[in-house]
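The structure under discussion appears below in the form of structure tokens.
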Amino acid sequence: MKLLASFFGTFLFLILHTEATSYRPVSLEMQLKSAGAVVHGVYLGKSYRRLPDGEVITVARFALKRVAGISVHELANHPEFSVLISGGQWQGVVHQVFGAPEFMRGEESVLIVKKGNFGHWIYNHCLGKYR
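Numbering-wise, the numbering used here comes out as the position in the sequence shown, counting from 1, plus 4.
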């Protein structure tokens, strides 16, 4: 009986404290209204950074093909453009963020991005990436 009560208590604790990431479909029109810019480019590679608040991010670099919603003076390394993605690797520790988009070198993508404090972020994680 004690074992059953212990099992039930553990099960109840896990149910109440387990979180899951789920994404609701958002229309393209709604994303474009909420974001700020659209970038069309070819993925070149990535690097990792740690922000002042401690968050680990991936900096993804793209060769620009087209851009809308970003002024020329914001394109510091034209014809390259970097976008920020939550999660990455820092000092040998992987900081995984479920729902973060993944890219393959040479992959052509259209990204919906939004300007943040440290640069442009992919809007709505993987929902902001289109092939």
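Using N, Cα and C, we set each Cβ at its ideal position, and we do this for glycine too.
| Item | Value |
| --- | --- |
| Counted within 10 angstroms of its Cβ, other Cβ atoms place Phe66 as buried (16 or more) or exposed | buried |
| Residue from Gln95, Lys119, Glu112, Val87 with nearest C-alpha to Ala104 | Val87 |
| Where Gln100 sits in the DSSP three-state scheme | coil |
| Inter-residue Cα distance where the pair is Gly123 and Ala72 | 16 Å |
| Span of the beta strand (DSSP E) around Ala41 | 41-54 |
| Straight-line gap, Lys119 to Gly96 (C-alpha atoms, nearest Å) | 28 Å |
| Simplified DSSP state of Leu132, which is helix, strand or coil | A small fix is needed here, since residue 132 is Gly in this sequence, not Leu. In this structure, Gly132 counts as helix in the three-state DSSP scheme. |
| Between the CA atoms of Tyr127 and Glu112 - distance to the nearest angstrom | 17 Å |
| Which residues DSSP lists as bridging Leu68, in chain order | Gly45 |
| Spatial neighbours of Lys133 in its chain, beta-carbon cut-off 7 Å, leaving aside the 5 residues before and after | Pro105, Ser113, Leu115, Ile126 |
| Cβ neighbour criterion (16 or more within 10 Å) applied to Val98 | exposed |
| Distance, Leu68 Cα to Pro83 Cα | 5 Å |
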